[in-house]
Amino acid sequence: MPAHKPLFSCRTEWELSPNQIFTTLENLRKDNVTVFDLTESNPTRCGLNYPQEIFQSLANEGNLQYDPSPKGSMVAREAISHYYKTKNIKVDPAQIFLTSSTSEAYSFLFRLLVNPQETVMFPRPSYPLFSFLGDLNDIKMDTYPLMSENQWAIDVVQLKKNIHPATKVLVTVNPNNPTGSCIQKKELEALNNLCAQHNMALISDEVFWDFASERREEAVSLAGNDAVLTFTLGGLSKVLGLPQMKLSWIIVSGPEAVVQEAQNRLEVIADTYLSVNTPAQNALDTWLSLKDSIQDKIITRLKHNREFLMTKIQSVPNCQLIPSEGGWYVVLKIPNSQTEEKWVMDFLTQDNVFVHPGYFFDFQEEGFIILSLLPKEDVFSEGVRRIFQRLERD
Ligand SMILES: Cc1ncc(COP(=O)(O)O)c(C=O)c1O
Numbered sequence: 017m018p019a020h021k022p023l024f025s026c027r028t029e030w031e032l033s034p035n036q037i038f039t040t041l042e043n044l045r046k047d048n049v050t051v052f053d054l055t056e057s058n059p060t061r062c063g064l065n066y067p068q069e070i071f072q073s074l075a076n077e078g079n080l081q082y083d084p085s086p087k088g089s090m091v092a093r094e095a096i097s098h099y100y101k102t103k104n105i106k107v108d109p110a111q112i113f114l115t116s117s118t119s120e121a122y123s124f125l126f127r128l129l130v131n132p133q134e135t136v137m138f139p140r141p142s143y144p145l146f147s148f149l150g151d152l153n154d155i156k157m158d159t160y161p162l163m164s165e166n167q168w169a170i171d172v173v174q175l176k177k178n179i180h181p182a183t184k185v186l187v188t189v190n191p192n193n194p195t196g197s198c199i200q201k202k203e204l205e206a207l208n209n210l211c212a213q214h215n216m217a218l219i220s221d222e223v224f225w226d227f228a229s230e231r232r233e234e235a236v237s238l239a240g241n242d243a244v245l246t247f248t249l250g251g252l253s254k255v256l257g258l259p260q261m262k263l264s265w266i267i268v269s270g271p272e273a274v275v276q277e278a279q280n281r282l283e284v285i286a287d288t289y290l291s292v293n294t295p296a297q298n299a300l301d302t303w304l305s306l307k308d309s310i311q312d313k314i315i316t317r318l319k320h321n322r323e324f325l326m327t328k329i330q331s332v333p334n335c336q337l338i339p340s341e342g343g344w345y346v347v348l349k350i351p352n353s354q355t356e357e358k359w360v361m362d363f364l365t366q367d368n369v370f371v372h373p374g375y376f377f378d379f380q381e382e383g384f385i386i387l388s389l390l391p392k393e394d395v396f397s398e399g400v401r402r403i404f405q406r407l408e409r410d
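Shown next as structure tokens:
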């Protein structure tokens, strides 16, 4: 008998059985137990009361026309250019490429910039989707550490050490998920120097940019960074809390000649998929005009939940809130008297509260849990009250 070649690709050889935490969660839900989900970050499940104009603007006869353009329609790109103008950032519509999601934007860029087995450097800790994006695009992932004494910052010395000849791209998440840390002016100078020196490109994921808390004075957006080839990502899933509309974007900036070459090649990739739907592109201008009203609701929710947490944490001396400058999440340092896994399982099984352990986000050390600040106020406050009660007993 001839030896069978494997039916599936190596890149999809993932461990797919659910871990203990998710199995327990699923069983609780099957038994109709009310679980206080403090990981919920799907804004459409958080009772935010979106404006009616969002779906009214979909009743547009133009949605029956298909007039594809690789970069996305000019009206949609002009709307994004205007959105940046309101933040005093100059972005020409010609620099903008639409994609159906930020994850797709990453894939396009890895295809544009990285050969199989070359390396992309991501911040650590950061959000877990990166490892799948890496596998799916045949790239090697490496990390550079974010350190926190009382404020997260890039460990530039270690970053330099981790760069090797096959490193093609540095990724920043600004603000980062889940640490909420932003890129400071000084850090950007260091990143630009390293990219120029080692012929690397920068990708800055700025989906959470509009959600600043105690933003550091020196925090900078990379949109329009012209020192090196830079791709800045944004999208409706966070900017307007509309992940279901599937519209994100890439802004290309940098030295003119390389930007032109990047745009020419990226246009072929985008033209191959033409993945952004027409109704969302036609409605984008109206949707972005609703930005302040939607963001006010999200920001009020984040602020309320953060303030509740800060008041309550004062009575829990063995738990510390790590300061953040933005985003939708908080990182809590909890006692090392037992593992994160055990804490998270205790919260789930004893208190029916679901939080993420730090290791989901690849924290370098044990002893962290991550909470989303987006759940409804009553869910958040009851969940926090329960986990703090347990921590106080430790
Ligand atoms: C930092 C960051 N970037 C990108 C994404 C994915 O965004 P999209 O829904 O546009 O793919 C997420 C999702 O949570 C995220 O946290």
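Everything in the sequence shown is counted per the numbering used here, starting at 17 for the first residue and increasing by one. No residue lacks a Cβ here, since even glycine has one placed at the ideal position from N, Cα and C.
(request) Whole angstroms is fine: what's the gap from Leu128's alpha carbon to Tyr122's? (result) Distance between the alpha carbons of Leu128 and Tyr122: 10 Å.
(message) Quick check for students: name the residue ranges of the alpha helix (DSSP H) that lie wholly in the region 190-254, counting only runs of 4 or more.
(response) The region 190-254 contains these whole alpha helix (DSSP H) runs: 201-214.
(message) Any residue with its Cβ nearer than 6 Å to a heavy atom of ligand 1 should be included. What is that list in chain order?
(response) Any residue whose Cβ sits closer than 6 Å to a heavy atom of ligand 1 makes the list: Ser117, Thr118, Ser119, Tyr143, Val189, Asn193, Asp221, Val223, Gly251, Ser253, Pro259 and Ser264.
(request) For Phe376, name the three-state secondary structure that DSSP assigns. (result) The DSSP-derived three-state label of Phe376 is helix.
(request) Please go through the same chain and pick out, in chain order, the residues whose beta-carbon is closer than 6 Å to the beta-carbon of Asp221, but skip the five residues on each side of it. (result) The answer, listed in chain order, is Val189 and Leu249.
(message) Ile266 and Phe113 - do their beta-carbons sit closer together than 7 Å?
(response) Yes; because the gap between Cβ atoms is below 7 Å, this pair is in contact.
(request) Could you tell me whether the Cβ atoms of Glu356 and Pro333 are closer together than 7 Å? (result) No; because the gap between Cβ atoms is not below 7 Å, this pair is not in contact.
(message) Contact defined as beta carbons within less than 8 Å: I believe Cys62 pairs with Leu390. What is the distance between those atoms, to the nearest angstrom?
(response) Yes, Cys62 and Leu390 are in contact; Cβ-Cβ is about 5 Å, under 8 Å.
(request) State the DSSP-derived secondary structure class of Ser73, mapped to helix, strand or coil. (result) Coil, per DSSP.
(message) At the level of alpha carbons, what is the spacing between Leu282 and Asp312?
(response) Rounded to the nearest whole angstrom, the C-alpha separation of Leu282 and Asp312 is 35 Å.
(message) My assumption, with CB atoms under 8 Å, is that Asn368 sits in contact with Leu54. Please give the rounded CB distance.
(response) Not quite, the Cβ-Cβ distance comes to about 11 Å (not below 8 Å), so this is no contact.
(message) By DSSP's criteria, Ala169 is part of a beta bridge. Which residues make up the other side?
(response) Note: Ala169 is bridge-paired with Met163 in the DSSP secondary-structure output.
(request) Could you tell me whether the Cβ atoms of Lys262 and Ser147 are closer together than 7 Å? (result) Taking the C-beta atoms as reference points, Ser147 is found no nearer than 7 Å to Lys262.
(message) Please tell me whether Val185 and Val136 are closer than 7 Å, where the distance is taken between their beta carbons.
(response) For Val185 and Val136, yes; Cβs fall inside 7 Å.
(message) Taking the alpha-carbon of Ala217 as reference, which of Glu205, Pro191 and Thr183 has the nearest alpha-carbon?
(response) From the listed residues Glu205, Pro191 and Thr183, the smallest Cα separation to Ala217 is found for Thr183.
(message) Restricting to runs no shorter than 3 residues, where is the beta strand (DSSP E) found entirely within the region 279-356?
(response) Entirely contained in the region 279-356, the beta strand (DSSP E) runs reaching 3 residues are, in chain order, 336-338 and 345-349.
(request) Go to Val400, then tell me how far its alpha helix (DSSP H) extends in each direction, as first and last residue. (result) In the DSSP assignment, Val400 falls within the alpha helix (DSSP H) that extends over Glu393 to Arg409.
(message) DSSP three-state label for Ser97, please.
(response) Three-state DSSP puts Ser97 in a helix.
(message) Suppose you measure from the CA of Val347 to the CA of Thr195; what does that come to, to the nearest Å?
(response) Roughly 6 Å separates the two Cα atoms.
(message) Tell me which residues share the same chain as His214 and place their Cβ nearer than 6 Å to its Cβ, disregarding the 5 neighbours each side in the sequence.
(response) Cβ within range, chain order: Ile179.
(request) Answer with buried or exposed for Gln260, where buried requires no fewer than 16 other C-beta atoms within 10 angstroms of its C-beta. (result) By the neighbour-count rule (16 or more Cβ atoms within 10 Å), Gln260 is not buried but exposed.
(message) Less than 7 Å between the C-beta atoms of Val223 and Gly251, yes or no?
(response) Closer than 7 Å, so yes.
(message) Relative to the C-alpha of Ser164, which candidate in Arg401, Val395 and Glu381 has its C-alpha closest?
(response) The residue among Arg401, Val395 and Glu381 with its C-alpha nearest the C-alpha of Ser164 is Glu381.
(request) Could you have a look at Val360 and say whether DSSP puts it in helix, strand or coil? (result) In the three-state reduction of the DSSP assignment, Val360 falls in the helix class.
(request) Below 7 Å CB to CB, which residues in the same chain sit around Tyr66 once its five sequence neighbours on both sides are set aside? (result) When the five nearest sequence neighbours on each side are left out, the beta carbons in the same chain lying within less than 7 Å of the beta carbon of Tyr66 are those of Ile310, in order along the chain.
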